[in-house]
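Residue numbers (the numbering used here): 55 to 307.
All residues carry an ideal CB built from backbone N, CA and C; glycine is no exception.
Take a look at the structure below.
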Amino acid sequence: MQINIGLVKSESQFLLKELKVDSSTIESRVLDTVEIKETNLNLLLYIGQNPPEGLQKTFEDEEKFYPVVGADSLGLDIESFDSLSYEQLCEVYAKINARWLLNNNIKTIEHLYPTITYLKDLWRTDRNAFFEELWFLIKTNLGTLELTAIFHDVRESEGSKNDKPSLSHSFVTGFKSPQIFEGQEKEEQVMKEYENEFGEFFNITEFDSSNGKLVATVQIGLSPILMMAKLKSFNQLQKSILIAIFSGLQTEQ
């Protein structure tokens with residue numbers, strides 16, 4: 055598991071701190087700011103009261119994926135940020151991320167009914183879009199560093215046109231944004247390992263706070279979904295939001 059924190063030094067460069075959680079170490083790199091969008095950031099800081107003028111659009115686009123805040127609000131400049139230890143950087147991330155997640159949690163609660171209605175419509179009309187939207191909703195409410203969901207899918211036959219489609223697995227995964235792939239033998243095996251855990255509409259089967267591993271089984275109608283995430287923390291409010299979302303998806307249209 056890894057936490058990536060960036061500090062924009064200028065309009066052209068940003069300093070990337072890669073926090074290796076398993077070894078409690080840091081790797082640092084200086085990158086061009088055009089790489090911000092392609093970097094799996096979990097927090098982005100900038101110097102000054104406002105972002106550099108040429109990066110404002112980039113910041114607006116990125117802040118829906120992770121917190122974007124001024125380093126000044128934390129009493130940091132480039133030199134002091136660069137000198138922070140692994141533990142201190144983790145504290146900075148935890149403090150800002152908790153505030154960002156709470157804001158997202160409140161917004162989700164306030165807009166729960168239209169969100170569930172929207173997801174239910176996608177479930178009927180566009181299953182891939184449903185899983186992309188669900189992935190993003192979970193990511194921004196839990197602050198996942200990694201998130202994967204394996205689900206049942208229907209695969210068209212590659213043979214005769216008269217052959218019926220076959221039931222298979224697909225999975226949606228990603229760090230910052232979701233991508234959907236056809237499941238392979240690995241996904242089939244993982245679903246088999248947890249097949250006895252399905253039945254309830256939502257059930258957390260594993261959560262290990264020491265390594266941040268969360269596994270949950272979800273059932274929407276007759277469709278099982280296995281959710282696997284890596285995250286730094288998981289609280290009762292976040293659990294309640296997941297219960298509310300998956301409970302709402304069970305109700306009749």
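Which of the three DSSP states, helix, strand or coil, is assigned to residue i?
i                 : result
asparagine 104    : coil
glutamate 200     : strand
glutamine 233     : strand
aspartate 207     : strand
phenylalanine 252 : coil
lysine 71         : strand
arginine 178      : helix
glutamine 307     : Annotation note: pLDDT 45 at glutamine 307 (below 50); position unreliable, coordinate value reported separately. In the structure shown, glutamine 307 sits in coil (DSSP, three-state: anything other than H, G, I, E or B).
phenylalanine 190 : helix
threonine 227     : strand
Tell me the residue span of the alpha helix (DSSP H) that contains residue i.
i              : result
glycine 302    : 290 to 302
lysine 149     : 140 to 164
valine 16      : Nothing can be reported for residue 16, as the shown portion of the chain is limited to 55 through 307.
aspartate 115  : 110 to 116
isoleucine 132 : 132 to 136
valine 18      : Residue 18 cannot be examined here, being either before or after the span of the chain that is shown, 55 to 307.
lysine 246     : 239 to 247
Using only the alpha-carbon positions, how far apart do residue i and residue j sit?
i                 : j                 : result
lysine 246        : serine 222        : 13 Å
glutamine 273     : isoleucine 295    : 16 Å
phenylalanine 225 : glutamate 133     : 42 Å
leucine 280       : isoleucine 160    : 25 Å
valine 123        : leucine 276       : 43 Å
phenylalanine 288 : asparagine 104    : 31 Å
aspartate 207     : leucine 176       : 15 Å
threonine 202     : threonine 227     : 4 Å
glutamine 292     : phenylalanine 113 : 26 Å
leucine 166       : glutamate 187     : 14 Å
lysine 267        : leucine 285       : 7 Å
lysine 174        : aspartate 180     : 10 Å
leucine 85        : alanine 152       : 27 Å
leucine 69        : leucine 95        : 11 Å
arginine 83       : isoleucine 204    : 34 Å
isoleucine 80     : aspartate 115     : 27 Å
lysine 111        : leucine 99        : 15 Å
leucine 97        : tryptophan 154    : 10 Å
isoleucine 59     : alanine 125       : 12 Å
lysine 240        : leucine 130       : 45 Å
proline 168       : isoleucine 192    : 16 Å
proline 278       : phenylalanine 190 : 19 Å
glycine 197       : asparagine 158    : 10 Å
serine 77         : leucine 138       : 17 Å
glutamine 238     : isoleucine 163    : 36 Å
phenylalanine 135 : glutamate 117     : 20 Å
tyrosine 172      : phenylalanine 300 : 13 Å
Since residue i contacts residue j with CB under 8 Å, what's their CB separation in whole angstroms?
i              : j              : result
isoleucine 150 : proline 121    : 5 Å
glutamate 200  : alanine 283    : 7 Å
asparagine 182 : isoleucine 101 : So it is not a contact: roughly 40 Å between Cβ atoms.
methionine 55  : asparagine 265 : 7 Å
glutamate 251  : threonine 259  : 5 Å
leucine 364    : lysine 71      : Nothing in the structure corresponds to residue 364, since the chain is present only between 55 and 307.
How is the beta strand (DSSP E) around residue i delimited, first residue to last?
i             : result
valine 272    : 267 to 274
methionine 55 : Here methionine 55 belongs to no beta strand (DSSP E), and DSSP marks it neither H nor E.
lysine 284    : 277 to 284
glutamate 260 : 256 to 262
glycine 129   : It is not in any beta strand (DSSP E) - glycine 129 carries neither H nor E in the DSSP assignment.
Using a beta-carbon distance below 8 Å, is residue i in contact with chain E?
i           : result
glycine 102 : Absent from the structure is chain E; it holds one protein chain and no more.
Are there any heavy atoms of the ligand SAH lying less than 7 Å away from the beta-carbon of residue i, as far as the coordinates show?
i           : result
alanine 125 : Judged by which ligands are present, the structure shown has none, so any question about the ligand SAH falls away.
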